[in-house]
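So the structure is just underneath, and the comments pick up after that.
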Amino acid sequence: MTTNPQFPHTIKITRTTGTYDPFNGGTTTTEEIYNGEGRNVKTMGTNPSNGVLVSDYAVSIPFTLVNIQAGDKIKVTDRVRVIEGDVVDAYLGNLGLNVYWNKTNT
0 MTTNPQFPHT
10 IKITRTTGTY
20 DPFNGGTTTT
30 EEIYNGEGRN
40 VKTMGTNPSN
50 GVLVSDYAVS
60 IPFTLVNIQA
70 GDKIKVTDRV
80 RVIEGDVVDA
90 YLGNLGLNVY
100 WNKTNT
């Protein structure tokens, strides 16, 4: 857990690459893209999408050059809980990296 009040949450972003073949097993690898401090906020409400509740979030990460892509997995740890989801979009601004992601509530 980080102690920086500007970025109080721990953010971990991973990417799984490779091929999956249900008959032959295939090969997949999971690569850690980012593991560090950030600030997570809920950007919108929770809305139904195709019968599933989806919550929209945004993470601000201090200035860092990492290649985050839609489809990457994100895990946010705060003082109370751990929430996980899928990255939707990311862009680098002059103060840091903004990552938009969804948590699916099944």
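Numbering of the sequence shown is given in numbering that gives the first Met the number 0, commencing with residue 0 and proceeding in unit increments. Yeah, the Cβ is synthetic: ideal placement off N, Cα and C, and Gly gets one too.
Residue environment analysis places Asp88 among the exposed positions, since fewer than 16 neighbouring C-beta atoms fall within 10 angstroms of its C-beta.
Listed in chain order, the non-local C-beta contacts of Gly17 below 6 Å within the same chain comprise Thr26, Thr27, Thr28, local neighbours out to five positions each way being set aside.
Residue range 8-18 is occupied by the beta strand (DSSP E) that includes Thr16. Around the Cβ of Phe62, a 10 Å sphere holds fewer than 16 other Cβ atoms; the residue is exposed. Looking at Asn93, Ile32, Val86, the one whose alpha-carbon comes closest to that of Val58 is Val86. CA-to-CA, the gap between Val65 and Val81 works out to about 22 Å. Non-local C-beta neighbours of Glu83 in its own chain, meaning closer than 6 Å and more than five positions away in sequence, comprise Lys74, ordered along the chain.
Around the beta carbon of Phe22, fewer than 16 other beta carbons sit within 10 angstroms, so the residue counts as exposed.
Under the three-state reduction of DSSP output, Val65 falls in the coil class, being neither helix nor strand. A residue is called buried once 16 or more other Cβ atoms fall within 10 Å of its Cβ, and Tyr19, having fewer, is exposed.
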